[in-house]
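Participant: I'd like to ask you about the structure that follows.
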Amino acid sequence: MLDIKFVRENPEKVKENIKKKFQNNKLEFVDKVITLDKEYREIKVKADTLRNERNTISDNIGSLMREGKKEEGLALKEKVIKINDELSTLETEEENYENQIREIMYLIPNMVADDVPVGEDDSKNVEIEKIGDPIIPEYEIPYHADIMASFNGIDKESAAKVSGNGFYYLMGDIARLHSAVLSYARDFMIDKGFTYCIPPYMIRSDAVNGVMSFEEKEAMMYKIEGEDLYLIGTSEHSMIAKFKNQMLKECELPITMTSYSPCFRKEVGAHGIEERGVYRVHQFEKQEMIVICKPEDSESWYERMLNYTVELFRSLDIPVRKLVCCTGDLADLKYRSCDVEAWSPRQKTYFEVGSCSNLTDAQARRLGIRYKDENGNRVFAHTLNNTVLTPPRMLIAFLENNYNEDGSVNIPEVLRPYMGGKEKIEKKVC
RNA sequence: GGAGAAAUACCCAAGUCUGGUUGAAGGGAUCGGUCUUGAAAACCGACAGGUCGGGUAACCGGCGCGGGGGUUCAAAUCCCUCUUUCUCCGCCA
């Protein structure tokens with residue numbers, strides 16, 4: 005969300021930005037919101053003046069009553085009733101304007117960084133760096149669910165009976181691997197100085213509405229029957245809501261947290277649920293990182309966060325690449341964003357495993373996350389978020405990249421302490 | 001889950017029954033000063049935040065006593081509702 009004052013003063017810049025994002029249907033919003041804002045302020049002046057009059061006369065009535073001059077007081081009442089009459093119309097208008105302006109401001113996208121490549125959709129995203137050799141082995145890499153099955157590590161059939169499509173039972177070494185990568189990721193981030201956090205997995209509707217649009221809510225969020233509670237789709241929801249309407253102290257910044265949570269998603273819409281594997285499911289787990297910092301620090305945090313993910317994947321022997329999101333693929337709140345993609349030797353291509361974003365002050369302005377600087381000024385903080393990793397999706401990359409011809413899977417050094425010292429997991433035969 | 005009490009500014013806290021002179025007493029903290037070699041203490045003084053709007057500015061106005069709504073000429077004060085905290089009971093990993 006932009007500052008209305010910025011829009012007022014820089015309508016052309018805002019329009020340019022909208023064009024860069026290929027959202028020409030929103031171009032008219034700029035002039036519209038500026039007009040609405042102007043009319044709103046005119047009405048506010050009128051209403052404020054009337055309220056002022058009312059307050060003054062009411063005070064007078066009070067004084068007269070105390071002095072016992074009832075008649076005079078009663079006469080004044082008539083006047084105020086008239087004012088209130090006039091006011092009620094104005095106040096309805098005021099509210100209408102406020103709502104309209106807010107709705108439009110939500111739709112006008114955040115300014116994107118100058119160096120974000122211009123492009124219409126994700127096909128125009130730009131690879132900036134490959135880290136690790138994307139090896140294509142001589143032998144064939146099986147589908148991830150089949151690898152899991154070869155260790156008796158997954159049962160989707162039972163899950164489908166018990167919970168429906170989009171769920172899984174993970175078992176044995178695979179389940180342990182799932183916990184192991186999460187624990188490893190948690191410790192990895194703690195070592196980087198992040199504070200570990202386990203947030204609520206259910207949040208109230210006002211928290212939900214604060215962090216996503218109505219459409220997103222409908223497509224993603226599970227509601228608890230009979231309660232004003234929703235299952236979170238990512239810990240980011242709880243984590244951001246935690247700071248809503250907070251005035252932070254400058255000395256608290258940067259706030260760097262790594263949160264764990266299960267994530268629940270309806271996945272209504274575009275892709276739907278995948279039948280066989282664990283790539284897209286209703287329930288998964290995720291380790292996330294968020295940073296709330298001063299505006300001048302957000303760009304360097306962005307780089308750092310992105311590189312943490314890369315470093316983490318590399319420590320698990322998984323080749324990755326950084327793919328910069330082009331303007332058209334950038335969500336409206338984002339200033340810049342970069343996907344981290346893992347190499348899939350089976351598909352011989354990279355696939356998304358995480359996404360790092362700098363939202364500058366757009367999210368903070370929407371949610372009221374501020375801090376007091378050394379001069380006592382209240383400043384909107386910058387917010388950033390990035391995936392650390394999400395098993396089971398991460399397991400796909402892990403299993404494929406550490407798969408041996410004999411069907412065993414290597415456990416990279418860093419993960420062994422979490423796997424009881426095992427160097428590899430082997431096929432179960434029965 | 002049941003019953004009761006409460007939420008006031010950076011913190012504590014008065015005001016609520018009985019609506020108006022209360023944007024809010026008092027204390028603490030903070031800042032400045034006197035005193036002191038320095039500090040503490042004591043004393044004196046300052047400071048009421050925030051947000052929206054008007055104005056070149058000085059300044060002026062609206063909102064604002066947990067959130068939302070209502071009654072009233074007028075609400076911290078009365079009514080409804082939600083949230084949170086505390087106490088007791090019940091249940092329970």
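So that you can map any letter, position 237 of the first sequence is 241 in our numbering, and since no number is skipped, the others follow by simple counting. Where a beta carbon is used, it is the ideal one built from N, C-alpha and C, also for glycine.
How many angstroms separate the CA atom of F413 from the CA atom of Y147?
Facilitator: Rather than Phe, the amino acid found at residue 413 in this sequence is Val. Straight-line Cα distance between these residues: approximately 14 Å.
Participant: Using 8 Å as the Cβ pair cut-off and three pairs as the minimum, do the segment 397 to 410 and the segment 380 to 388 touch?
Facilitator: no
Participant: Quick one: residues in its chain with C-beta nearer than 7 Å to the C-beta of V345, no 5 flanking neighbours on either side, listed in chain order?
Facilitator: Just to set this straight, residue 345 is Glu in the shown sequence, not Val. In the same chain as E345, and ignoring 5 residues on each side of it, the C-beta atoms closer than 7 Å to its own belong to V324, R325, L327, Y354, F355, E356 and V357, in chain order.
Participant: Classify Q291 as helix, strand or coil using the three-state DSSP reduction.
Facilitator: strand
Participant: Identify which residue in V295, L320 and P299 has its Cα closest to the Cα of L310.
Facilitator: V295
Participant: Inspect the beta-carbon positions of G170 and H241 and report whether they are closer than 9 Å.
Facilitator: G170 is not a Cβ neighbour of H241, given a cutoff of 9 Å.
Participant: Comparing alpha-carbon positions, which option in V11, K376 and K30 lies nearest K253?
Facilitator: K376
Participant: Let me know the beta strand (DSSP E) ranges lying completely inside the segment 36 to 71, each 3 residues or longer, listed in chain order.
Facilitator: none
Participant: Mind reading off the beta-carbon distance from K352 to I140? Whole number of angstroms is fine, and I expect it under 8 Å.
Facilitator: 6 Å
Participant: E356 by DSSP, collapsed to three states: which one?
Facilitator: strand
Participant: Hey, D125 and D336: beta-carbon distance below 9 Å or not?
Facilitator: no
Participant: Taking its Cβ as the centre, do 16 or more other Cβ atoms sit within 10 Å of M69, making it buried, or is it exposed?
Facilitator: exposed
Participant: With DSSP run on the structure shown, which of helix, strand or coil describes N129?
Facilitator: It is coil, neither helix nor strand.
Participant: Classify V116 as helix, strand or coil using the three-state DSSP reduction.
Facilitator: coil
Participant: With distances taken Cα to Cα, identify the nearest neighbour of R420 among S162, R180 and C297.
Facilitator: R180
Participant: Would R280 and I145 be called neighbours here (beta carbons separated by less than 9 Å)?
Facilitator: no
Participant: Use the C-beta contact count for E16: other C-beta atoms within 10 angstroms, 16 or more gives buried, fewer gives exposed.
Facilitator: Of the other Cβ atoms in all chains shown, fewer than 16 fall within 10 Å of the Cβ of E16; this residue is therefore exposed.
Participant: Determine the DSSP secondary structure at S414, reduced to helix, strand or coil.
Facilitator: Residue 414 is actually Asn in this sequence, not Ser. Strand.
Participant: Return the residue from the list A51, K25, E430 and D150 that minimises the CA-CA distance to E97.
Facilitator: Here the closest residue by C-alpha is A51.
Participant: Taking the alpha-carbon of S341 as reference, which of R318, D301 and N390 has the nearest alpha-carbon?
Facilitator: N390
Participant: Between F155, D35 and G72, which has its C-alpha nearest M109's C-alpha?
Facilitator: D35
Participant: Please report the distance separating the alpha-carbon of Q27 from that of F317.
Facilitator: 35 Å
Participant: Inspect the CB distances between the segment 224 to 235 and the segment 155 to 170 and report whether three or more fall short of 8 Å.
Facilitator: Judged by Cβ distances under 8 Å, the segment 224 to 235 makes no contact with the segment 155 to 170, as fewer than three pairs qualify.
Participant: According to the neighbour-count rule (16 or more other Cβ atoms, all chains shown, within 10 Å of its Cβ), is T260 buried or exposed?
Facilitator: buried
Participant: Output the boundary residues of the alpha helix (DSSP H) element that contains T313.
Facilitator: S302 to R318
Participant: So, helix, strand or coil for D150, using DSSP?
Facilitator: Here DSSP, grouped into helix, strand and coil, assigns D150 to helix.
Participant: Take the Cβ of L388 as the centre, count every other Cβ of all protein chains shown within 10 Å, and call the residue buried at 16 or more, exposed below.
Facilitator: By the 10 Å Cβ count, L388 comes out buried.
Participant: Looking at C-beta atoms only, is the number of pairs between the segment 38 to 47 and the segment 114 to 125 that lie closer than 8 Å three or more?
Facilitator: no
Participant: Would DSSP call E271 helix, strand or coil?
Facilitator: E271 falls in the coil class under three-state DSSP.
Participant: With H, G and I counted as helix, E and B as strand and the rest as coil, what does DSSP make of E345?
Facilitator: Assigned with DSSP and collapsed to three states, E345 falls in strand.
Participant: Just checking my contact of K30 with T331 at CB under 8 Å: how many whole Å lie between their CB atoms?
Facilitator: Separation of the CB atoms of K30 and T331 is rounded to 13 Å, and the pair is thereby denied contact status at 8 Å.
Participant: For E224, report the span of its beta strand (DSSP E) as first-last.
Facilitator: It should be pointed out that residue 224 corresponds to Met in this sequence rather than to Glu. Segment F218 to M224 is the alpha helix (DSSP H) holding M224; no beta strand (DSSP E) there.
Participant: Taking C-beta to C-beta, are E289 and M243 nearer than 9 Å?
Facilitator: no
Participant: Can you look up H386 in the DSSP assignment and give me helix, strand or coil?
Facilitator: strand
Participant: For Y143, count the other beta carbons within 10 Å of its own beta carbon; 16 or more makes it buried, fewer makes it exposed. Which is it?
Facilitator: exposed
Participant: Identify the continuous beta strand (DSSP E) that holds T199 and give its terminal residues.
Facilitator: T199 to C201
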